[in-house]
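Here's the structure, in structure tokens; my notes come after.
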Amino acid sequence: GQVFGVLGPNGAGKSTLLATLSGELRPSRGQVLLQGRLLGDWADVERARCLAVLPQSSTLSFAFRVADVVAMGRLPHRTGRGADAAFVAAAMAAADARHLATRSYLELSGGERQRVHLARVLAQLWPGETGQVLMLDEPTSMLDPAHQHSILKAVRAFAAQGAAALVILHDLNLAARYCDRLLLLKDGRPIVAGPPDEVLQAEPLRAVFGLDVLVQRHPELGHPLIIAR
Numbered sequence: 004g005q006v007f008g009v010l011g012p013n014g015a016g017k018s019t020l021l022a023t024l025s026g027e028l029r030p031s032r033g034q035v036l037l038q039g040r041l042l043g044d045w046a047d048v049e050r051a052r053c054l055a056v057l058p059q060s061s062t063l064s065f066a067f068r069v070a071d072v073v074a075m076g077r078l079p080h081r082t083g084r085g086a087d088a089a090f091v092a093a094a095m096a097a098a099d100a101r102h103l104a105t106r107s108y109l110e111l112s113g114g115e116r117q118r119v120h121l122a123r124v125l126a127q128l129w130p131g132e133t134g135q136v137l138m139l140d141e142p143t144s145m146l147d148p149a150h151q152h153s154i155l156k157a158v159r160a161f162a163a164q165g166a167a168a169l170v171i172l173h174d175l176n177l178a179a180r181y182c183d184r185l186l187l188l189k190d191g192r193p194i195v196a197g198p199p200d201e202v203l204q205a206e207p208l209r210a211v212f213g214l215d216v217l218v219q220r221h222p223e224l225g226h227p228l229i230i231a232r
């Protein structure tokens, strides 16, 4: 039921961490467990019903309708056409992509495509429940400010149903506002993890990003507000 954010400079190992946790890469040490079972012990279809991943870059080369792209997220399930259609519609609404339903994927802008792929992975797990994990690698990288906030609000609402969400972000203030816990990475190593109030402090941010910042409080919401000096 929480959103866990991963922060760090380029090359820190954020995407490698996500690839390892999702089973794309094998861990060099230790084990990755999903619901108490080794990730490698899950059948692909079974795992896809409770683990969905949005990589940093997702592309399609065919002129699928947007609704059909989002419906691909329901392929691991056997919930019936009617239920699938309802889940797809709800996921598209959450990602602000419902008005794109009849458009060709190839006609979309980069930001629109990013929202469509987010809708697809949301549909894969919709409506969300305990034991499910949603992993997103920079889901706001191509979005305008309004959609950055609306998408992360949708991720929070999805996690509130009981699922866990792991989100890689670059924007410190978005992370402060929408994540329950944060991890700072540098050179493949964890520097600090905890609630935003503990992680988003001047010293660890300087150590990780080489950036001198002023940490204040959001005047209305109270979360950390990061200002570069």
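For the sequence shown, this note's numbering begins at 4 and goes up steadily by one. Just so you know, even glycine gets a beta-carbon here, dropped at the ideal spot from N, CA and C.
The residues D140, in chain order, have a CB closer than 6 Å to that of P58 in the same chain once the five nearest residues on each side in sequence are set aside.
Excluding the 5 residues flanking it on each side, D87 has same chain C-beta neighbours closer than 6 Å at R77, in chain order.
Relative to the Cα of L203, the nearest Cα in the group D71, L121 and C182 belongs to C182. Residue ranges of uninterrupted beta strand (DSSP E) with 3 or more members, entirely inside the stretch 180 to 219 and ordered along the chain, are 184 to 189 and 192 to 197. Counting of Cβ neighbours within 10 angstroms places P142 among the buried residues, the total reaching 16 or more.
A distance below 8 Å separates the beta carbons of V72 and V119. Under the Cβ criterion (8 Å, minimum of three pairs), the stretch 147 to 154 counts as touching the stretch 104 to 122. Sequence-distant partners of V195 (beyond 5 residues in either direction) whose C-beta falls short of 6 Å from its own C-beta, in its chain, are L187, V202 and P207. The stretch 106 to 114 and the stretch 168 to 184 do not touch, with fewer than 3 CB-CB distances between them shorter than 8 Å. Ranked by Cα distance from A66, the options S107, R81 and L185 are led by S107. Assigned with DSSP and collapsed to three states, R84 falls in helix.
In the same chain as P30, and ignoring 5 residues on each side of it, the C-beta atoms closer than 8 Å to its own belong to T23, in chain order. Counting the other Cβ atoms within 10 Å of the Cβ of K156 gives fewer than 16, which makes it exposed. In this structure, DSSP gives S18 a helical state, which the three-state scheme calls helix. Taking 8 Å as the upper bound for CB-CB distance, A126 and F90 are in contact here, some 5 Å apart.
Between the C-alpha atoms of E223 and I154 there is a straight-line separation of about 21 Å.
Fully contained in the stretch 106 to 160 are the following beta strand (DSSP E) runs of length 3 or more, in chain order: 136 to 140. For L63, the number of other beta carbons within 10 angstroms of its own is below 16, and it is reported as exposed.
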